[in-house]
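Q:
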Amino acid sequence: MAILSDKWIRRQALETGMIEPFVESQRRDNCISYGLSSYGYDARVADEFKIFTNVDSAVVDPKNFDGKSLVDRQTDVCIIPPNSFALARTVEYFRIPRDVLVICLGKSTYARCGIIVNVTPLEPGWEGHVTLEFSNTTPLPAKIYANEGACQFLFLEGNEPCETSYADRAGKYMGQRGVTLPRL
């Protein structure tokens, strides 16, 4: 595998719609940076959030997820309670080529504040908004800023296209739009 450069990412985004909307250079004017970087793309978090709450003493079960354990918020600034968690999504919609694997990593600005973005892959052939998971590991409330940088995606090219892509096997998160809850 080889990590792909800004030139490759720009070409794919502009010619094939791999990232929409696409920001061709790093933006950082009074915000957490986003856009094309040297060897990756810093995506923004949209203004739709699902914040975990324990009002009903629910149990989080990935095989039988109960949406009542979340509260929905549409806001420019999401406050995550101490030692809690929120789901969100990228502003950008991604279409991953069949010979590319993408890895999502958190931004250091958030990590330095105890806010962790889950590391996750975008598999070859997958497309959709990326559902982001933010963990507030601190004993204090934490802010997430909508329409600003939230994570970085690194693009890795395989030696050859995969035999079976995410699209081929009709993966359960294919084409997701908005914040998508766990599915079995």
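Residue numbers (this note's numbering): 935 to 1118. Glycine included, C-beta positions come from ideal geometry on N, C-alpha and C.
Which residues in the same chain as S959 place their Cβ atom closer than 8 Å to its Cβ, once the five residues preceding and following it in sequence are excluded?
A: G969 and L970
Q: Quick check on the burial criterion: 16 or more other C-beta atoms within 10 angstroms. Buried or exposed for M952?
A: buried
Q: For T950, which residues from the same chain have a beta carbon less than 8 Å from its beta carbon, with the 5 sequence-adjacent residues on both sides left out?
A: Same-chain partners within the cutoff: R1029 and P1031.
Q: How is L1090 classed by DSSP in three states: helix, strand or coil?
A: strand
Q: Between the alpha carbons of D1102 and P1075, how many angstroms are there, rounded?
A: Taking the straight line from one Cα to the other gives about 42 Å.
Q: Could you compute how far the alpha carbon of C1038 sits from the alpha carbon of F1087?
A: 5 Å
Q: Less than 6 Å between C-beta atoms, sequence neighbours within five positions excluded: which residues of the same chain meet that for I965?
A: It is worth fixing the name first, because residue 965 is Cys in this sequence and not Ile. Hits under 6 Å: E1082.
Q: For the structure I just gave you, are there three or more beta carbon pairs, one from the region 1096-1110 and one from the region 969-987, closer than 8 Å?
A: no
Q: Considering only residues of the same chain and omitting the five flanking positions on each side of D1033, which have a CB-CB separation below 8 Å?
A: P1058, E1091, G1092, E1094, P1095 and C1096
Q: Between which two residues does the alpha helix (DSSP H) harbouring A1045 extend?
A: S1042 to A1045
Q: Is it right to say D976 is buried, meaning 16 or more other beta carbons lie within 10 angstroms of its own, or is it exposed?
A: buried
Q: Figure out for me which residue from L1056, V1011, I1078 and V993 has the closest Cα to the Cα of I1050.
A: I1078
Q: With a 10 Å radius around its C-beta and 16 neighbouring C-beta atoms as the bar for buried, classify A1080 as buried or exposed.
A: buried
Q: Mind checking S1003: buried by the 16 CB within 10 Å criterion, or exposed?
A: buried
Q: Buried or exposed: where does E954 fall if 16 or more other Cβ atoms within 10 Å of its Cβ makes it buried?
A: exposed
Q: Quick one: using the 10 Å Cβ neighbour count with 16 as the cut-off for buried, is T1024 buried or exposed?
A: buried
Q: Report the rounded CA-to-CA distance for Q946 versus V993, giving the unit in angstroms.
A: Distance between the alpha carbons of Q946 and V993: 42 Å.
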